Amino acid sequence: MQTVLDLMRTRQSCRNFDPRPVEKEKLETLVEAFRLSPSACNAQPWKLILATGETAAQVRECVQEGGRNKFTDACPAFAVLVEETAVLKPQVAEKFHSQTFAQMDIGIATAHYCLAATDLGLSTCILGWMNADKLKKALGIAPEKPVRLVLATGYAAAGDPIRTKVRKPVEEMAEFRD
Ligand SMILES: Cc1cc2nc3c(=O)[nH]c(=O)nc-3n(C[C@H](O)[C@H](O)[C@H](O)COP(=O)(O)O)c2cc1C
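Heads up: the sequence shown at position 86 corresponds to 342 in the working numbering, and the numbers run straight through without jumps.
Laid out in structure tokens, this is it:
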């Protein structure tokens with residue numbers, strides 16, 4: 257059994273997908289992992305659209321603008337993450353704008369999704385590069401709702417190696433203080 261740290265070490269941005277479809281039950285498990293994530297005031301300011309088939313083709317077109325993210329040609333499924341209005345507790349809302357924490361909430365839930373995918377033998381790539389207006393039109397998302405991320409989801413192509421992580425050294429990014 258893999259520990260959470262094992263999953264963190266093996267999760268990586270996949271840019272070499274196998275086109276084989278992702279089982280519906282696995283996509284449902286990923287939605288559950290996302291749903292269990294914490295959020296400020298438990299506001300859960302998100303909506304996910306799980307795109308496969310024809311809908312995935314529409315998403316692909318929107319994340320490939322300007323020739324970027326071409327590797328998604330082989331990716332069979334995408335989770336489109338839409339930010340919803342966060343309803344915060346009154347005292348919190350008094351001090352902070354309703355959407356202050358929403359992007360963080362979505363980021364945390366994204367980590368849940370990606371680690372759960374790794375646990376299921378799937379691979380992901382978080383995509384911030386997209387034509388959001390085109391995507392909203394294609395998927396019938398209200399123009400005022402931000403699409404924050406698209407999570408490319410599928411199986412890595414056979415032989416795709418686990419890369420060494422390129423990260424700042426601990427001394428540069430953390431301080432241990434008594
Ligand atoms: C908010 C966000 C947006 C990203 N957007 C893209 C993207 O559009 N295309 C892409 O190939 N990778 C994208 N990435 C992946 C990062 O490049 C990647 O996470 C980083 O280089 C670390 O590599 P690793 O995920 O393999 O550990 C994004 C990651 C995050 C967190």
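Note that CB positions come from ideal geometry on N, CA and C, so glycine has one too.
Given the structure is predicted, the values throughout are model-derived calculations rather than measurements.
Taking the Cβ atoms as the reference, V319 lies roughly 10 Å from V403, outside the contact range of under 8 Å. About 22 Å separates the beta carbons of V260 and L304, which is beyond the 8 Å limit, so they are not a contact pair. P301 counts as buried, since no fewer than 16 other beta carbons sit within 10 angstroms of its beta carbon. Pairing A373 with L286 gives a Cβ-Cβ distance under 7 Å. In terms of side-chain proximity, the C-beta atom of G410 is found no nearer than 6 Å to any non-hydrogen atom of ligand 1. In this structure, the alpha-carbon of D274 lies about 10 Å from that of T328. Sequence-distant Cβ neighbours of K392 in its own chain, meaning closer than 8 Å and more than five residues away, are A398, P399, K401, V403.
Collapsing the DSSP output to three states places L391 in a helix. When C-alpha distances from L292 are compared across M257, A412, A365, D262, the shortest belongs to A365. Counting the other CB atoms within 10 Å of its CB gives T266 a total below 16, which places it among the exposed residues. Looking at the DSSP output, Y411 bridges to D274. Shortest gap from the CB of L261 to any heavy atom of ligand 1: 6 Å or more. Relative to ligand 1, the beta carbon of N387 is positioned no closer than 6 Å to any heavy atom. Counting the other CB atoms within 10 Å of its CB gives M386 a total of 16 or more, which places it among the buried residues. For V422, there is no enclosing alpha helix (DSSP H), as DSSP marks it with neither H nor E. Rounded to whole angstroms, F352 and E340 show a C-alpha spacing of 16 Å. In terms of CA proximity to F334, E317 leads the group Q355, E317, N298.
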